[in-house]
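Undergrad: First, the structure itself, so that you have it in front of you.
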């Protein structure tokens, strides 16, 4: 795991709980075509967009936007 | 400080306690001022009344002594006057002077002060008239000047009597006014204590109501959400009502619902993929 992926996981943990790793793996693989462990700082902006979209399906939109913004600020 | 349930309860009950202490303090102060004001009013009213009656008595005594002196002077044809009567009359006059000065100091308003100042003026005139009449009577009891001086003295005595009567009436009035003042102060105190108690009751009820809602509303929301999730509805929003323990619980529950939704979605997708794969064969 890279330092960036650790930080993204730490940000997402309070929102996704036990589904954090699976959720991030799914977003990285489907949209960025990479493993979570290979995540770099430059990809965080793109990932945050997909986190916002994916989280919007699972929780209320305000929370989804909140977590996406936190990842984007990395 | 985190707004935990414990802190909310401690804060709420402290506020109610402070409120009750304030109500008790104000109530105590109202009773104390009533007592103090009643005491002052009664003391001043009664004292003025007593002074006025004392002035009347001393006035009567002074006149009696002066009359006895004049009678003795006439009986002895100006030769055997009894100076003792005159000294006693002077003593009575001095007492009236002292009492009227006390009454002027004690008087609660200008109206009362003016009346007792008139007594002081009347007694000074009486003293002068008596001294003048006695001085002339000793020289020549039957002269026109002496008769005129005695007549002036009698007028001064009458005037003193009337002003002393006015003083007595004012003393009575002061006594009655003190009763009215006690009635009014006690009425005001009862109103004040009642209003403050009602205000305290309303504020206490408001604080209790807000406190109960601050604790019960999030719990009721969580109960509804838990019931809904237990029946299979995962599309329900879990709101964080407060920053206390119940807010933390709502966050945990929200996380759990999100994870369940995600895993269910993944499971459904896997099932669809497996079905599609099976269909292809």
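Residue numbers (this note's numbering), protein chains in the order written: chain P, 266 to 339; chain S, 706 to 986. Quick reminder that beta carbons are idealized off the backbone N, C-alpha and C, glycines included.
#1: Between 816/S, 829/S, 722/S, 882/S, which lies nearest to residue 804/S when the distance is taken from Cα to Cα?
#2: Against chain P, does residue 968/S count as a neighbour if the rule is that its beta carbon must be under 8 Å from one of theirs?
#3: For residue 764/S, which residues in the same chain have their Cβ closer than 7 Å to its Cβ, ignoring the five residues on either side in sequence?
#4: Quick one: is residue 778/S buried, meaning 16 or more other Cβ sit within 10 Å of its Cβ, or exposed?
#5: Check residue 308/P in the structure and name its three-state DSSP category.
#6: Using beta-carbon positions only, say whether residue 813/S and residue 874/S come within less than 8 Å of one another.
#7: For residue 823/S, I'd like the list of residues in its chain whose CB is within less than 6 Å of its CB, leaving aside the five on either flank, ordered along the chain.
#8: Tell me which residues of the stretch 287 to 314 of chain P have at least one Cβ-Cβ distance to chain S shorter than 9 Å, keeping chain order.
#9: Evaluate contact between the stretch 971 to 983 of chain S and the stretch 943 to 963 of chain S, counting only Cβ atoms and requiring at least three cross-stretch pairs below 8 Å.
#10: If we ignore side chains and look at the alpha-carbon of each, how far apart do residue 327/P and residue 942/S end up?
#11: Residues of chain P with CB closer than 9 Å to the CB of residue 933/S, please, in chain order.
#12: Tell me which residues share the same chain as residue 901/S and place their Cβ nearer than 6 Å to its Cβ, disregarding the 5 neighbours each side in the sequence.
#13: Return the residues of the stretch 947 to 971 of chain S that lie within a Cβ-Cβ distance of less than 9 Å from chain P, sorted by chain order.
#14: If contact is defined by three or more beta carbon pairs under 8 Å, each pair taking one atom from either stretch, is the stretch 909 to 926 of chain S in contact with the stretch 841 to 857 of chain S?
#15: If the cut is a Cβ gap below 7 Å, which residues of chain P does residue 942/S touch?
#16: Looking at the structure shown, is residue 707/S part of a helix, part of a strand, or coil, going by DSSP?
#17: Please classify residue 718/S: is it buried, with 16 or more other beta-carbons within 10 angstroms of its beta-carbon, or exposed?
#18: Output needed for residue 922/S: all residues of its chain with C-beta closer than 8 Å, excluding positions within five of it in sequence on either side, in chain order.
#19: Report the option in 958/S, 792/S, 760/S whose CA atom is closest to the CA atom of residue 807/S.
#20: Please list the terminal residues of the continuous alpha helix (DSSP H) segment that includes residue 818/S.
#21: In chain S, which residues lie with their C-beta within 7 Å of the C-beta of residue 282/P?
TA: Taking the structure as given:
#1: 829/S
#2: yes
#3: 801, 865, 866, 869
#4: buried
#5: helix
#6: no
#7: 868
#8: 287, 288, 291
#9: no
#10: 11 Å
#11: Here the premise fails: no neighbours, minimum Cβ distance about 14 Å.
#12: 728, 731
#13: 956, 957, 959, 960, 961, 962, 963, 964, 965, 966, 967, 968, 970, 971
#14: no
#15: 325
#16: coil
#17: exposed
#18: 946
#19: 760/S
#20: 815 to 844
#21: 960, 961, 963, 964
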